[in-house]
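Here's the structure we're looking at; comments come further down.
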Amino acid sequence: MSDYRSGALVLALATLCLGAHLANSVDSEPDPIHILFLGDQNHHFPAQRWKVIEPVLKGAGIEGTYTEDHSIWTDPKLSEYDAVLIYHNVNELTPAQEKGLLQYVENGGGLIPVHCASACYGNSDAYIDLIGGRFKSHGAEEFRAKIIDAQHPAMRGLESFSSWDETYVHDRLAHDNRVLMVRPDGRRYEPYTWVRQHGKGKIFYTALGHDFRTWEHPGFQKLLVNGIQWATGRLKSELLPVAKIPAAQPSRENEIPVPLSAEESMKRMHLPEGFRVELFASEPDIIKPIAMAFDARGRLWVAESIDYPNWVLTEEEGNDRIKICEDTDGDGKADKFTVFADGLNIPTGLQFANGGVVVACAPDILFLKDLDGDDRADERKVLFTGFLKGDTHAVHSNFTLGLDNWIWATIGYTGAKIPLGDRMIDLRLGIFRFKPDGSDLEKITTTSNNTWGLGLSEEGNCFASTANNEHSVYMAIPTRYYDAVHGWHGNGSTGIADSEYFHAIAKYRQWDFHGKFTAASGHNLYTARHFPKEYWNQTAFICAPTGHRIKTGLLEQVGSHFRTNDGF
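Here it is as structure tokens:
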């Protein structure tokens, strides 16, 4: 994106240029970074690796010293080094050495554990916790480590590269590791490069680097240079921090911070290598979007909900709308906005059917249709009623057209009691489907808690997310099959995520399930063909609003079941 900066007076510009010239004439090169390369006499041949990397580091302004003296952790001379690079297989760390290492990092020293460094000092739990994981096992092959956080400063100027190396598998992985690179392993990712912070010090770890084939690779050499520069504070984000999260102060709960613009927010999004973010529509053209769907003409229909979550209206008209967002000039950005329907109160789902749009709007499911071609709803019909909204966080949502031509949807704990002919259908916590003409509705399954995400695969497999601590669910057996057996009750859905955690990139505040999903919403499967092939019909995007993350779930079929692997 272009960076537009305002102009200034000619005199000010001249003064600025003169000042820059004078500064350049007297400023010296930045002080070199001083690191200690800590090796041993074991099978990874650290001294040989040092001979390869030393001139590369020197060219980047990094001066280094090689040593195999592990008493350095208790030596006062340790403070002379900006960082320590660990590459050895020494297993024992004495209590005094452990204390010295921890204090060194806590006081601001950088730590760069490389490859076998996750297997050393195995007697020290504190060391394993410090670096964020432990070596468990390995194979070996040529592979391409994938950059999944291309915007992190330590990844600046890097591209994914292939090399023959050992295929490390780790255990005791810390949940707060910020993973930058992964090793694809079937339908799962093994974290392969990550960063951490301990006190004032920074830790940069990579599992790459078994032998000369990796150490002599320019990509790996650039990775080490970046890692050292980041761990020593020389490589920083180009964006200024927005604001610090203040301590909770109940007396100031109504002081709401000013939001960033959409453009500024986009700059702070972190994406996998090769991806970019494009702005299609933003405030003030759309306001508080809560649901959306694309029609057959490529127009985006958005449900705006100013009333959500606090204004539950019964008699009077609401303040919410359905708006059509259209790109009329082909530049990829919406430039025409048409209000299709207004007067709604907390619409939470949209799906097209029978020439109109079906809308979740408790207590109803509505059918809205334009009859005269002006893109305004002329017909309004209630298809179903009985949806409760005592808590608007738990109403029906996520309308999705199934392969059976029924509309599938989710519902939370608020529930519903829906009259249908001579039946009364009770819904709560789960998935249901209904015919778009309002002639039938069926409960599909019950989940564990508030359900606000739904995804259907190209084969019709059904997945969902719940808000609280179960962000990926597979629906295997619809409820009707249990109900068909007299006296038998069962649940045909279950959680399938291999990890409960999301991976935040900044500080955040949560009420419960800290570090986990407390408001998971959406479980959209990627069924288009624009993204790389590994995404096609086997990747789910799951939002974690309290952590400001969209998690990538890697779906893997295991027999007749599924597992959602952590895609970060």
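So the sequence shown is numbered by the working numbering: it starts at 1 and just counts up by one.
Glycine included, every Cβ here is placed at the ideal spot set by N, Cα and C.
- The stretch 47-56 and the stretch 212-230 touch, with three or more beta-carbon pairs separated by less than 8 angstroms.
- For P419, the enclosing beta strand (DSSP E) covers residues A416 to L420.
- According to the DSSP secondary-structure assignment, E63 is paired through a beta bridge with H34.
- Its chain contains H138, A140 and H210 as the residues whose beta carbon lies nearer than 6 angstroms to that of E166, once the 5 sequence neighbours on both sides are disregarded; these appear in chain order.
- For F387, the CB contacts under 7 angstroms within the same chain, skipping 5 residues up- and downstream, are A362, P363, D364, V395, H396 and A416 in chain order.
- Ranked by how close their Cα comes to the Cα of F531, the residues K236, H514 and T552 have T552 in first place.
- Beyond the five residues adjoining it in sequence on each side, N450 comes within less than 8 angstroms, by CB distance, of H393, A394, G412, Y413, L429, T466, A467 and N468 in the same chain, given in chain order.
- For K369, the secondary structure class from DSSP, reduced to helix, strand or coil, is strand.
- Assigned with DSSP and collapsed to three states, Q538 falls in coil, not helix or strand.
- For secondary structure counted as the beta strand (DSSP E) over 3 or more consecutive residues, the stretch 438-473 holds these complete runs in sequence order: 441-446, 451-456 and 462-466.
- Counting the other CB atoms within 10 Å of its CB gives P113 a total of 16 or more, which places it among the buried residues.
- Just so you know, the alpha carbons of R380 and V358 end up roughly 10 angstroms apart.
- With 16 or more other Cβ atoms from the protein chains shown falling within 10 Å of its own Cβ, F562 counts as buried.
- Taking a contact to require three or more Cβ pairs closer than 8 angstroms, the stretch 294-314 and the stretch 168-183 do not qualify as touching.
- Straight through space, the alpha carbons of E459 and H489 are spaced by roughly 27 angstroms.
- With a 10 Å radius around the Cβ and a threshold of 16 neighbouring Cβ atoms, L111 comes out buried.
- Inclusion of L279 and A291 in the CB contact set at 8 angstroms is not warranted, their separation being larger than that value.
- Under the three-state reduction of DSSP, W164 is assigned to strand.
- Within its own chain, the residues whose Cβ lies closer than 6 angstroms to the Cβ of P32, once the five positions on either side in sequence are excluded, are G61 and E63, listed in chain order.
- Annotation: W511 is outside any beta strand (DSSP E) and is labelled neither H nor E by DSSP.
- Rounded to the nearest whole angstrom, the C-alpha separation of I418 and I444 is 15 angstroms.
- The Cβ-Cβ distance between L101 and I203 does not fall below 8 angstroms.
- Here N91 is actually not in contact with C116; their C-beta atoms are around 11 angstroms apart, not less than 8 angstroms.
- In the three-state scheme derived from DSSP, where H, G and I count as helix and E and B as strand, S237 is classed as coil.
- Where G219 is concerned, the enclosing alpha helix (DSSP H) starts and stops at P218 to A231.
- Scanning its chain for C-beta atoms nearer than 7 angstroms, with the 5 sequence neighbours on each side dropped, one finds around E500 the residues N469 and K516, in chain order.
- Leaving aside the five residues that flank L57 on each side, the residues in its chain whose CB is nearer than 8 angstroms to its CB run, in chain order, I35, E63, G64, L224, V225 and I228.
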